[in-house]
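Structure first, then comments.
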Amino acid sequence: MNILIVGPSWVGDMVMAQTLFQCLKQRHPQCEIDVLAPEWSRPILERMPEVRKALSFPLGHGALELATRRRIGKSLAGQYDQAILLPNSLKSALVPFFAGIPKRTGWRGEFRYGLLNDVRTLDKERYPLMIERFMALAYEPNAELPKPYPRPSLQIDPLTREAALAKFGLTLDRPVLVLCPGAEFGEAKRWPSEHYAKVAEARIREGWQVWLFGSKNDHAVGEDIRARLIPGLREESVNLSGGTSLAEAIDLMSCADSVVSNDSGLMHVAAALNRPLVAVYGSTSPGFTPPLAEHVEIVRLGLDCSPCFDRTCRFGHYNCLRQLMPDAVNDALQRLQGSVVEVH
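In structure tokens form, the structure reads like this:
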């Protein structure tokens, strides 16, 4: 049985999609799973043993380009028994339709009748978590999901990890604290730089080193955090934001002894690497997309105005993050230090 998954467009969602792949493998041990997704997701998919192939989808988020979708669909004709769509858009249903895949499964979305022939109606109360909404598509409608739920687990090749360490001149002679201070979603997910700097300072004084990760957009934030460290401590940190590929970032993050992250895609990567993780929440909630790992501390204030899920604070104060003090994160890190996790 060959299954085509039309994958999501965000890092965290792609990591969480592994729970669906695991369910499909449990239900159909001999099935082969290919994932049609943006090229950036290849390093994530290559680290999921359930996935046979990552198929690069050349269109950007939101682009219709009907002729291109028809061409891709025709190129996949006759290869798959089922397609499962994780996005809810009409556009995402076009390639499986043009490919003539016999069974096309997905949640009822924007005018997809006809394009899908296994249309599910989502009961948000029954499936409050995103992973539940992904996993449910592996089973018959309204099925009880088997528990315990699977957790994403990215597999690391020691050779590529060693190559990444060598490329960036990094050593593991001291414990590694990874900081992920960015968030593509917006300012209302970003814990302030001065708070991250206090956490970095506390760990460096204990003999740790600090690595900062993120996209090119997060490089300035990383530099701001480092600039707040006094000379002598600053040299024990390195800002890798925008300097690594996603593949290198994943491999290097697997070396972390602890991670502190905003609610972001890299938070889900850290969880899938089973790193001890402190997840900082402000405008969002762990009730829908929590980090799925054993050694996790969630830190949030739970103000009356949060979660609001806004990109920018409607009141302009960002108190849900600004008033969340570094001591809370340092205490959470201390609690996690008792959980020694082997790098796999």
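Convert by adding 4 to the 1-based position in the sequence shown; the result is the number in my numbering.
For every residue, glycine included, the Cβ atom is placed at its ideal position computed from N, Cα and C.
Predicted model, so just to flag it, every value in this text is computed and none were measured.
Taking the alpha-carbon of residue i as reference, which of the options has the nearest alpha-carbon?
i    : options                   : result
H223 : Q213, N243 and F25        : N243
A206 : S241, E129 and L24        : S241
A251 : V300, Y153 and E43        : E43
R315 : S268, L340, E301 and V333 : S268
I88  : A81, P100 and L80         : P100
E239 : A260, S265 and W212       : W212
P290 : F313, A170, P280 and R318 : F313
L237 : L256, E210 and S249       : E210
T248 : L216, L325, P294 and K29  : L216
T23  : K151, S13, I160 and Q34   : K151
Y84  : G306, I105, R75 and L90   : I105
C184 : L149, G77 and Y285        : Y285
Q341 : E54, R165, P280 and P162  : P280
S197 : L49, Q327 and M20         : Q327
P179 : R339, D261 and N146       : D261
D331 : L325, R339, N121 and V203 : V203
V214 : L181, I76 and E191        : L181
M5   : P12, A168 and P33         : P33
How many Å lie between residue i and residue j at the Cα?
i    : j    : result
L337 : I229 : 18 Å
L176 : V263 : 15 Å
A97  : S219 : 30 Å
W111 : F61  : 21 Å
G246 : V225 : 11 Å
E186 : G82  : One point to set straight first is that residue 186 is Gly, not Glu, in the sequence displayed. Using only the alpha carbons, I get a separation of about 42 Å.
E136 : S79  : 31 Å
I37  : A140 : 16 Å
L40  : S258 : 26 Å
T288 : N221 : 21 Å
V273 : G16  : 7 Å
A297 : R304 : 18 Å
Q58  : F172 : According to the sequence as given, residue 58 is Ala; it is not Gln. Whole-angstrom Cα-Cα distance: 27 Å.
Q30  : L149 : 12 Å
F3   : M134 : Nothing about residue 3 can be reported from this structure: the residues present for the chain run from 5 to 348 only.
R339 : P295 : 17 Å
L28  : S310 : 36 Å
Identify every residue that forms a DSSP beta bridge with residue i.
i    : result
R124 : W111
S45  : The partner list for S45 (beta bridge, DSSP) is empty, contrary to what the question assumes.
N6   : E36
A215 : Residue 215 is actually Trp in this sequence, not Ala. Looking at the DSSP assignment, W215 forms a beta bridge with V182 and V242.
I302 : A283
S60  : A41
V55  : I37
Y117 : L120
I88  : I9 and T109
For residue i, does the count of other Cβ atoms within 10 angstroms reach 16, so buried, or fall short, so exposed?
i    : result
N278 : buried
I234 : exposed
A71  : exposed
T125 : exposed
H348 : With a pLDDT of 46 at H348, under the threshold of 50, the predicted position of this residue should be treated as unreliable, though the coordinate-derived value follows. Label assigned to H348: exposed.
N266 : buried
M18  : buried
E301 : buried
W199 : According to the sequence as given, residue 199 is His; it is not Trp. Under this definition H199 is a buried residue.
K128 : exposed
F2   : The structure shown does not extend to residue 2, since the chain is modelled only from 5 to 348, so the question has no answer here.
Does the beta carbon of residue i come closer than 8 Å to any beta carbon on chain B?
i   : result
R56 : The chain labelled as chain B is not found in the depicted structure, where only one protein chain is given.
My parser needs the alpha helix (DSSP H) runs of 4 or more residues fully inside the stretch 128 to 170; what are they?
134 to 139
With a floor of 3 residues, list each beta strand (DSSP E) that falls wholly inside the stretch 236 to 283, ordered by position along the chain.
For the stretch 236 to 283, whole beta strand (DSSP E) runs of length 3 or above, ordered along the chain, are 241 to 243 and 262 to 266.
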